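Trainee:
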DNA sequence: GCCAACGTTGGC
DNA sequence: GCCAACGTTGGC
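In this note's numbering, the protein residues as written are 704 to 858.
(1) Opposite residue 730 in the DSSP bridges: which residues?
(2) What are the start and end residues of the beta strand (DSSP E) that includes residue 710?
(3) Based on DSSP bridge pairs, tell me the residues matched to residue 785.
(4) Expressed to the nearest angstrom, what Euclidean distance is found between the alpha-carbon atoms of residue 706 and residue 754?
(5) For residue 862, which residues from the same chain have a beta carbon less than 6 angstroms from its beta carbon, with the 5 sequence-adjacent residues on both sides left out?
(6) Can you give the beta carbon distance from residue 853 to residue 817, rounded, assuming they're within the 8 angstroms contact cut?
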């Protein structure tokens, strides 16, 4: 099956690409997704071997900062069951965990951020999910064309 | 810190 | 099942 491409948003103050690189094997689980659309994407469409951009949001210069590889398919997000976790969901249970996550491994950090303003200026990306008005999904699909084009912007 | 856009909740 | 109220996201 062909490799699919994704974009993972994260607030760098909470979890940046450097934080991911600092983990053993530069790998961590992408927990805390509490949006059904994003969950369904992870659960139903993401698979091991897929690739993704790491995107920094809600910060001084939002944009794509590097690349990750998906190293596991989706499994239960245990943080939903942990009352001490900020991602605790009282409606989740062991029988119905509700939420899931995948494991991602950082593979590349771009020397310079590819800023959102730069992406917006590219006609080639005019239909990209990330740039659609009002889009707030924290995990979203990227087409092969967009993947190739954006990678070329990295130095 | 503001605000537009969107998702979720809960009363009816 | 509708919809108003509320909470969250995220760029600016």
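All residues carry an ideal CB built from backbone N, CA and C; glycine is no exception. Predicted model, so just to flag it, every value in this text is computed and none were measured.
Mentor: This is what the structure gives:
(1) 808
(2) 708 to 713
(3) Paired residue(s): none; residue 785 is not in a bridge.
(4) 7 angstroms
(5) With the chain represented from 704 up to 858, any question about residue 862 goes unanswered, as that position is not in the structure.
(6) 6 angstroms
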